[in-house]
Amino acid sequence: MPKTEKELAFITDLIHDEWTRRFTELVDKHIDLADSENLAYLKAGTGNHAMQLGEKYGEKTDVFASCENAEVLQIAMDKAVALRSSVDFSQIRFEDDSFDAVLADASFETADDAADLIEEAIRIARVGADVAFFLPSSGSFGEVFSLLWEVMAAEDLGPDAPNVEELITELPTAAELETLAASLGMVNIQREVVTEVFEFENGGAFITSPLVENFLLPRWLRSLDEDGAGRVTKALSRLIDDEDGSLSFRFSVKATLVAGEKG
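What follows is the structure in structure tokens.
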């Protein structure tokens, strides 16, 4: 049964260390926001990283964070109160040309939605402002997709079966992300890519992982109804165990940060 928005909001918070932190560490390592008077954080989730930035830069930088929905926003606001964070969480649409720095979390976005989010980040940035976004790039999830290909070949799912080749090719390359950023008005663009490895004890642990069960599999199997998705999920778990035996199952993600300035 699909999760409610409230349930997914709590799971979003739960998977921060497993998923989101892999990307935000790139921001912390490669971007210095010390000269920014204000910062906007788009798709801030339950606010963990935004509050970390608020603590680090808050004496001279006002941090404004936009959350995806009301349930996620409530968790972020409750955390901010508990931690006495100065970050301003909301769902408002920020005005044009308003921020010295803008960060955007596109780690769960489709290619089209990521492009829209990047365009939004550039819209609200002042000319010369720092703009950065992060997401998985091409080459991510390859270990999973190769097994999904086998499952699709074995299962009779009809015309609604996911096209695994499309799942692979819809992930943009790092170079394509840089080109996209330039086409939307960014200059002085740099990119950083690091390979992150996710490990699971067996097929069952993989398909029941909060990250995989609630965010990754629903995206990959979105063309299927609930019964079809269930069949594929169980078959995928069995195939992982058949192929890996007593070994753990791993997949890798190309965590990618693209940063530059608004031209």
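Going by numbering that gives the first Met the number 0, 165 is the number at position 166 of the sequence shown; the sequence numbering is gapless.
Glycine included, C-beta positions come from ideal geometry on N, C-alpha and C.
If you're wondering where the values come from, they're calculated on a predicted model, not measured in any experiment.
Rounded Cβ spacing between A128 and E260 (contact assumed at less than 8 Å):
Looking up residue 128 in the sequence shown gives position 129. Looking up residue 260 in the sequence shown gives position 261. For A128 against E260, the beta-carbon gap comes to about 6 Å, under 8 Å, which counts as contact.
For E149 and F132, I'd like the C-alpha separation in whole angstroms.
In the sequence shown, the residue the question calls residue 149 occupies position 150. In the sequence shown, the residue the question calls residue 132 occupies position 133. Looking at the two C-alpha atoms, the distance is approximately 33 Å.
Of the choices Q73, L246, T109 and C66, whose alpha-carbon is the least far from that of E169?
What you label residue 169 is simply residue 170 of the sequence shown in a count that begins at 1. Selected option, being the one with the closest Cα: T109.
What are the residues that DSSP puts in a beta bridge with E195?
Position 196 of the sequence shown, counted from the first residue, corresponds to residue 195. In DSSP, E195 forms a bridge with V252.
Beta carbon of F88 nearer than 8 Å to that of A69:
Counting from 1 along the sequence shown, the entry for residue 88 is found at position 89. Counting from 1 along the sequence shown, the entry for residue 69 is found at position 70. By the CB criterion at 8 Å, F88 and A69 fall outside the cutoff.
Could you tell me the alpha carbon to alpha carbon distance between L147 and R237, rounded to whole angstroms?
Indexing the sequence shown from 1 puts residue 147 at position 148. Indexing the sequence shown from 1 puts residue 237 at position 238. Their backbone Cα atoms lie some 11 Å apart in a straight line.
Assign I117 to one of three DSSP states: helix, strand, or coil.
Reading the sequence shown from its first residue, position 118 is the one you call residue 117. Three-state DSSP puts I117 in a helix.
Continuous alpha helix (DSSP H) assignments of at least 4 residues falling wholly in the segment 203-249
Scanning the segment 203-249 from its first residue to its last, the whole alpha helix (DSSP H) runs of 4-plus residues come out as 216-219 and 225-243.
Under the DSSP definition of a beta bridge, which residues are partnered with G259?
As a working note, residue 259 is residue 260 in the sequence shown. Bridge pairing for G259: V130 [DSSP].
Rounded C-alpha distance that separates F98 from L116:
To locate residue 98, count along the sequence shown from 1; it is residue 99. To locate residue 116, count along the sequence shown from 1; it is residue 117. Take the alpha-carbon of F98 and the one of L116: they are about 15 Å apart.
Considering only residues of the same chain and omitting the five flanking positions on each side of E54, which have a CB-CB separation below 8 Å?
Here residue 54 refers to the residue found at position 55 when the sequence shown is read from its first residue. For E54, same chain residues with a beta-carbon under 8 Å away, outside a window of 5 residues either side, are S84 in chain order.
For Q51, which option in K42, V62 and L41 has the closest C-alpha, if you only look at C-alpha atoms?
Here residue 51 refers to the residue found at position 52 of the sequence shown. Taking only the C-alpha atoms, the option nearest Q51 is V62.
With 8 Å set as the bound, which would you pick, yes or no: does the beta-carbon of L116 sit closer than that to a beta-carbon of chain B?
This model lacks chain B altogether; it includes just one protein chain.
With DSSP as the reference, label N68 as helix, strand or coil.
On the sequence shown, position 69 is the one that residue 68 refers to. In the structure shown, N68 sits in coil (DSSP, three-state: anything other than H, G, I, E or B).
Does the Cβ-Cβ distance between I123 and D104 come in under 8 Å?
Within the sequence shown, numbered from 1, the residue matching residue 123 stands at position 124. Within the sequence shown, numbered from 1, the residue matching residue 104 stands at position 105. Taking 8 Å as the Cβ cut-off, I123 and D104 do not qualify as a contacting pair.
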